[in-house]
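Enquirer: Going down the list, the protein sequences come from chains A and B. Residue numbering for the first sequence follows the working numbering, beginning at 1 and increasing consecutively. Residue numbering for the second sequence follows the working numbering, beginning at 1 and increasing consecutively. One structure follows; several queries about it will come next.
Protein chains: 2
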Amino acid sequence: MKLRTISFLILGMVRFGATSGYAIKKAADAGTSAFWPTSLAQVYPELARLTEGGLLIRHDDSKGGRSRAAYELTEAGEEALLAWLRSPVETPLQMRSEGMLRGFFADALPKEEQLVVLRRQQERIREVKEHLFDGDLRAAAKAIDAGEMRYPIVLGDFGEAALDFTYEWMGQFAEQLEAELSD
Amino acid sequence: MKLRTISFLILGMVRFGATSGYAIKKAADAGTSAFWPTSLAQVYPELARLTEGGLLIRHDDSKGGRSRAAYELTEAGEEALLAWLRSPVETPLQMRSEGMLRGFFADALPKEEQLVVLRRQQERIREVKEHLFDGDLRAAAKAIDAGEMRYPIVLGDFGEAALDFTYEWMGQFAEQLEAELSD
DNA sequence: GTGTGCATGTAAGGAGTTACATGATTGC
DNA sequence: GCAATCATGTAACTCCTTACATGCACAC
């Protein structure tokens, strides 16, 4: 059975207390969507696959008329997760930033407009950072097993610091551009 | 005609002097693959589409028995590129980092192993940074229209600074972990 | 009683990758 | 002569997203 990253994401979320597909998706949105986005249409088939492969067990957890599944890690599932966490193999970091691509070609614009675009991008960084505090990454620990998890917070801190760094860097470059313009 | 990011990448590369599909791919590998990867199997069909849509003109640039096309921007193509560079609309930044996803679940490992994984990730950052100087982003300006482009270098500087920042941040966290372990 | 959230799934389609197929030129 | 690079394309496949389809529970 071939395991991909989405498999480990699901195993991890189950490991830390998200039992239903819906709950996994919610925890993933809050906690990991910034560096590994998912959709429900991926989660449900993958849950079935992992159950079939013996890494998860599905229990019925229906309440009244509303059906709900509760998944649990098997020993094999736990082992697979730990082996992945320890293994050095990984898919290369891939990023798609249309903003940076525009930056790459910014020489095609006159300097005044370069500055306008840059300031707008900088503003966007600030917005993203604020959105982070609208309860994203930090809320994730709560969404799953509160208190037991340190790393969602650590990653949140890193994200915040990286955004600050980017904001500052852009600000400095913008100042340089402004200085060039006033010559 | 619907234009996607790959369309603008190609228009931009043509604008700055890459005339053949092969050359576009090479310039994209060196210059933009870090934030917008592409493959030849995307470039060739898209070149045909853009030509059909009147944004590019295809000239024959064969040398002897080896066929080669040389593309040129039409006025509409140039306008489309500039409009895109100016427009505030953009696809949201998407990133897929399996490394960060692992970090998110690192609480499942004992602290000693957390540290091993962290140090390995940190080492990887260093390697990526070195690879950058094996002539990637900075060489891109050369690969296309040398001297005319400032931003490939600017983005290279940013990338370098961001990697340094990440390396430092990880180092500090690693030290904290070490301190906790020696308690 | 109505909207929001909880809950599970499927279908269709888009974007992008790897692999395949072919051949010329250039430098060693 | 042979390997690496230049050069153009197509086919098959994978991954992932959006849209569709359905229904219960709870709070206002």
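Virtual Cβ for every residue (Gly too), placed ideally from N, Cα, C. These numbers come from a predicted model, not from an experiment.
1) Give, in chain order, every residue of the region 95 to 110 of chain A whose Cβ lies closer than 9 Å to some Cβ of chain B.
2) Closest to residue 98(B) by CA distance: which of 181(A), 36(A) and 130(A) is it?
3) Cβ of residue 220(A) less than 7 Å from any chain B Cβ?
4) Beta-carbon separation of residue 69(A) and residue 20(A) under 7 Å?
5) Take the Cβ of residue 176(A) as the centre, count every other Cβ of all protein chains shown within 10 Å, and call the residue buried at 16 or more, exposed below.
6) Who are the neighbours of residue 113(A) on chain B, taking C-beta pairs under 7 Å?
7) Cutting at 7 Å between CB atoms, please list the residues of its own chain near residue 119(B), excluding the five before and the five after it.
8) Given this structure, state the Cα-to-Cα distance separating residue 54(A) from residue 25(A), to the nearest angstrom.
9) Quick check on this structure: which residue in 7(A), 171(A), 92(A) and 113(A) has the alpha carbon closest to the alpha carbon of residue 42(A)?
10) Please confirm whether residue 155(A) has its beta-carbon closer than 7 Å to some beta-carbon of chain B.
11) Does the ligand NAD have a heavy atom nearer than 6 Å to the CB of residue 83(A)?
12) For residue 76(A), which residues of its own chain have a beta-carbon under 6 Å away from its beta-carbon, when the five flanking residues on both sides are left out?
13) What residue range is occupied by the uninterrupted beta strand (DSSP E) comprising residue 60(A)?
14) Assign residue 89(A) to buried or exposed, taking buried as 16 or more other Cβ atoms, counted over all protein chains shown, within 10 Å of its Cβ.
15) Roughly how many angstroms lie between the CA atoms of residue 63(A) and residue 87(A), to the nearest whole one?
16) For residue 161(A), return the contacting residues in chain B, with the cut-off set at a CB-CB distance below 9 Å.
17) According to DSSP, which residues form a beta bridge with residue 70(B)?
18) For residue 61(B) and residue 106(A), what's the separation of their Cα atoms in angstroms?
19) For residue 71(A), return the contacting residues in chain B, with the cut-off set at a CB-CB distance below 7 Å.
20) Relative to the alpha-carbon of residue 111(A), which residue among 130(A), 127(A), 160(A) and 178(A) has its alpha-carbon at the smallest distance?
21) When you compare the CB of residue 74(B) with every CB in chain A, is at least one pair closer than 7 Å?
22) With a threshold of 7 Å between beta-carbons, can residue 22(B) be considered close to chain A, or not?
23) Between which two residues does the beta strand (DSSP E) containing residue 206(A) stretch?
24) Output needed for residue 3(B): all residues of its chain with C-beta closer than 7 Å, excluding positions within five of it in sequence on either side, in chain order.
25) Taking all protein chains shown into account, do 16 or more other C-beta atoms lie within 10 angstroms of the C-beta of residue 149(B), making it buried, or fewer, making it exposed?
26) To which residues of the same chain is residue 40(A) closer than 8 Å at the C-beta, ignoring the five residues directly before and after it?
27) Buried or exposed for residue 153(B), going by 16 or more other Cβ atoms inside 10 Å?
Expert: The short version:
1) 95, 96, 97, 98, 99, 100, 101, 102, 103, 104, 105, 106, 107, 108 and 109
2) Here residue 98(B) is taken as the residue at index 98 of the second sequence, counted from 1. The option with the nearest alpha carbon to residue 98(B) is 36(A).
3) One cannot answer for residue 220(A) here, as it falls past the ends of chain A, which runs 1 to 183.
4) The sequence position of residue 69(A) within the first sequence is 69, counting from 1. The sequence position of residue 20(A) within the first sequence is 20, counting from 1. Yes, the Cβ-Cβ distance between residue 69(A) and residue 20(A) is below 7 Å.
5) Numbered from its first residue, the first sequence carries residue 176(A) at position 176. Exposed, by the Cβ-count rule.
6) Here residue 113(A) refers to the residue found at position 113 of the first sequence. Simply 86.
7) Residue mapping note: residue 119(B) aligns to position 119 of the second sequence, counting from 1. Excluding sequence neighbours, residue 119(B) sits near 174.
8) In the first sequence, the residue the question calls residue 54(A) occupies position 54. In the first sequence, the residue the question calls residue 25(A) occupies position 25. Computed Cα separation, rounded: 21 Å.
9) Here residue 42(A) refers to the residue found at position 42 of the first sequence. Looking at the Cα atoms, 7(A) is the closest of the given residues.
10) Locating residue 155(A) in the first sequence gives position 155, counting from the first residue. Yes, because at least one Cβ of chain B sits closer than 7 Å to the Cβ of residue 155(A).
11) Here there are no bound small molecules, and the ligand NAD is not part of this structure.
12) In the first sequence, counting from the first residue as 1, residue 76(A) sits at position 76. Excluding sequence neighbours, residue 76(A) sits near 54 and 55.
13) The residue given as residue 60(A) occupies position 60 in the first sequence. From DSSP, the beta strand (DSSP E) with residue 60(A) extends over 56 to 60.
14) For the purposes of this step, residue 89(A) is taken as the residue at position 89 of the first sequence. Residue 89(A) is exposed by the Cβ-count criterion.
15) Residue numbering aside, residue 63(A) sits at position 63 when the first sequence is read from its first letter. Residue numbering aside, residue 87(A) sits at position 87 when the first sequence is read from its first letter. Residue 63(A) and residue 87(A): Cα-Cα distance of roughly 39 Å.
16) Within the first sequence, the letter at position 161 stands for residue 161(A). Within chain B, the residues near residue 161(A) are 165 and 169.
17) Locating residue 70(B) in the second sequence gives position 70, where the first residue counts as 1. According to DSSP, which records beta bridges pairwise, residue 70(B) is partnered with 59(B).
18) Looking up residue 61(B) in the second sequence gives position 61. Looking up residue 106(A) in the first sequence gives position 106. Distance between the alpha carbons of residue 61(B) and residue 106(A): 28 Å.
19) Taking the first residue of the first sequence as position 1, residue 71(A) is located at position 71. Going along chain B, no residue has its Cβ under 7 Å from residue 71(A), so there is no contact; the nearest lies around 16 Å.
20) By one-based count along the first sequence, residue 111(A) stands at place 111. Closest by alpha carbon: 178(A).
21) As a working mapping, residue 74(B) is identified with position 74 in the second sequence. No, because no Cβ of chain A sits closer than 7 Å to the Cβ of residue 74(B).
22) Looking up residue 22(B) in the second sequence gives position 22. False, the Cβ-Cβ gap to chain A never drops below 7 Å.
23) This structure does not reach residue 206(A), given that chain A is present from 1 up to 183, and the question cannot be answered.
24) Locating residue 3(B) in the second sequence gives position 3, where the first residue counts as 1. Closer than 7 Å at the Cβ level, and outside the excluded window around residue 3(B), lie 80.
25) Stepping through the second sequence from its first residue, residue 149(B) is reached at position 149. Its Cβ being crowded by 16 or more others within 10 Å, residue 149(B) is buried.
26) Here residue 40(A) refers to the residue found at position 40 when the first sequence is read from its first residue. Taken in chain order, the residues that qualify are 21, 22 and 25.
27) As a position in the second sequence, residue 153(B) is number 153, starting the count at 1. The residue is exposed, with fewer than 16 neighbouring Cβ atoms inside 10 Å.
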